[in-house]
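Shown next, in structure tokens, is the structure this report addresses.
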Amino acid sequence: MLTAMNVARGCRMVQPQEGVIFATASPPGRGKPASLRFVPAERSQGEEQPEDVDGSSLPARRCHLALNGKSFQVVCEHFPELLPRILLRATVFARMLPEQKTQLVCRLQELK
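Written out as structure tokens, the structure is:
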């Protein structure tokens, strides 16, 4: 994920002064429901514990979202109501299977 974020910055898809937030989704398991967290990339690498935002709302500030194939799949299956808003703010997609890439393109084309 960090490599994809650095490539996006290098290609100027994400400007140096702009923030990136990782959208990290986990499937349900061990009696826990599916979860969706938004973690600022700048804080995910530091010593300080990142502040999570629950899946009920996207971060308020203007920023780019980044997510991997696993999180994309969980969002599609368990948080479909948030998917359009996530896709409109997502810039970085990493580690996606070919089927997930196809699904991503179809979902983006469905947006109006």
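Just so we're aligned: 19 in full-length UniProt numbering is position 19 of the sequence shown, and the numbers increase by one with no gaps anywhere. Heads up, the beta-carbon is just placed ideally off N, CA and C, and yes, glycines get one too.
Take R12 and list the residues in its own chain whose beta-carbon comes closer than 7 angstroms to its own, dropping the five residues that flank it on each side.
Excluding residues within five positions, none has a Cβ falling inside 7 angstroms.
Does the beta-carbon of L65 have 16 or more other beta-carbons within 10 angstroms, so that it is buried, or is it exposed?
With at least 16 other beta carbons inside 10 angstroms of its own, L65 counts as buried.
Can you give the Cα-Cα distance for A4 and G19, rounded to whole angstroms?
If you draw a straight line from the Cα of A4 to the Cα of G19, it is about 14 angstroms long.
Best match in C63, L104, R9 and G31 for proximity to L83 [C-alpha to C-alpha]
With respect to the C-alpha of L83, the residue from C63, L104, R9 and G31 having the closest C-alpha is L104.
For the beta strand (DSSP E) containing R37, name the first residue and the last one.
Residues S35 to P40.
How should N68 be labelled, buried or exposed, when 16 other C-beta atoms within 10 angstroms of its C-beta is the threshold for buried?
By the neighbour-count rule (16 or more Cβ atoms within 10 Å), N68 is buried.
C-beta contact flag for P27 and V74 at 8 angstroms
Using a Cβ distance threshold of 8 angstroms, P27 and V74 count as a contacting pair.
Quick one: using the 10 Å Cβ neighbour count with 16 as the cut-off for buried, is residue 186 buried or exposed?
The requested residue 186 does not occur in the structure, where the chain is confined to residues 1 to 112.
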